[in-house]
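Residue numbers (full-length UniProt numbering): 1 to 295.
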């Protein structure tokens, strides 16, 4: 997918919406970032001066699912395109109604997997709108009755970060208000990468020299882990119950030393399997992983 707008047009529309975006986000002086390093405000200023359009890659994959699509086909489409999420379009409502993510599939598989000998027929028959419309199943694909949380390309990156934090989401669709098209899906990773690209043009705050634990970045207590001999279903259970995005794979023979990091990935390669995927050990899955690039 290529940028559907020019940088000049985006900048022009950004100035017309500046007063609106300032009302949406809190005053930067209200943020408690001056206690340790006043220089940290350079990042705040950087985010406010750059719009979401600036962070959109020149070319990137993007797929959109109709809610009438079968869940199984949606999963295969994500796998084929090495993507982890896709916006959902409702043809009846003629608007975007949500996002389908790899986390949704983890929750679905965790809920309906019974044994290696029982096929998950729900994935064969159900459509996305079925999962989203039923109150019982809506626990997995949430926010169906709410408006899709999105942002315009003219809004500042500060607005994007604030929205990600406020709504506790990991993906934020960038939608053109004129055409209604989804241009990109912003993530924490993409925003950090954009900041990293321009690192040489802005002063470096002192807090970046602090130790990770001292800065409070990361998890240091009650860490969810999994052993090499655990099954993939065990990993899915931890992902679903602990609501984590990564699991350190621990070698039980080496006093709990971490061997690898397991994340929610697509592991289906098609064809017959000697050992059902959910019964495989974590080390078997990790040995087959394809660390291909993603947008």
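Don't be surprised by glycine CBs; every beta carbon is placed ideally from N, CA and C.
These figures come from a predicted structure and were not determined experimentally.
Collapsed DSSP secondary structure at residue i in the structure displayed
i	result
residue 65	strand
residue 217	coil
residue 56	coil
residue 78	helix
residue 40	helix
residue 227	strand
residue 249	strand
residue 111	helix
residue 12	Only weak support exists for where residue 12 lies, its pLDDT of 43 falling under 50; the coordinates are left without a value.
residue 70	strand
residue 100	strand
residue 88	strand
residue 206	helix
residue 243	coil
residue 211	coil
Close Cβ partners of residue i (< 6 Å) along its chain, the five nearest in sequence each way excluded
i	result
residue 152	177
residue 150	173 and 175
residue 374	No statement about residue 374 is possible, as the shown extent of the chain runs from 1 to 295 and does not include it.
Distance between beta carbons of residue j and residue i, contact taken as under 8 Å
i	j	result
residue 173	residue 185	5 Å
residue 188	residue 208	No, residue 188 and residue 208 are not in contact; Cβ-Cβ is about 17 Å, not under 8 Å.
residue 69	residue 128	6 Å
residue 109	residue 236	6 Å
residue 75	residue 105	6 Å
residue 124	residue 72	6 Å
residue 223	residue 248	7 Å
residue 101	residue 171	7 Å
residue 233	residue 113	6 Å
Nonlocal neighbours in the same chain, by C-beta distance under 8 Å from residue i, ignoring five residues either side
i	result
residue 67	88, 89, 90, 91, 97, 127, 128, 129 and 132
Cut-off 7 Å between Cβ atoms - residues of its own chain near residue i, not counting five sequence neighbours on either side
i	result
residue 83	61 and 63
(Q) I'd like the ranges of any beta strand (DSSP E) spanning at least 3 consecutive residues and lying wholly in the UniProt domain "CBS" (144-204). (A) As far as the UniProt domain "CBS" (144-204) is concerned, its whole beta strand (DSSP E) runs of at least 3 residues are 171-175 and 182-187.
Q.
Taking 8 Å as the cut-off, does the region 84-91 touch the region 55-65 (at least 3 CB pairs, one atom from each stretch)?
A. Judged by Cβ distances under 8 Å, the region 55-65 makes contact with the region 84-91, as three or more pairs qualify.
Q) Are the region 158-174 and the region 38-56 touching by the rule of at least three beta carbon pairs closer than 8 Å? A) Between the region 158-174 and the region 38-56, the count of Cβ pairs shorter than 8 Å is three or higher; the stretches touch.
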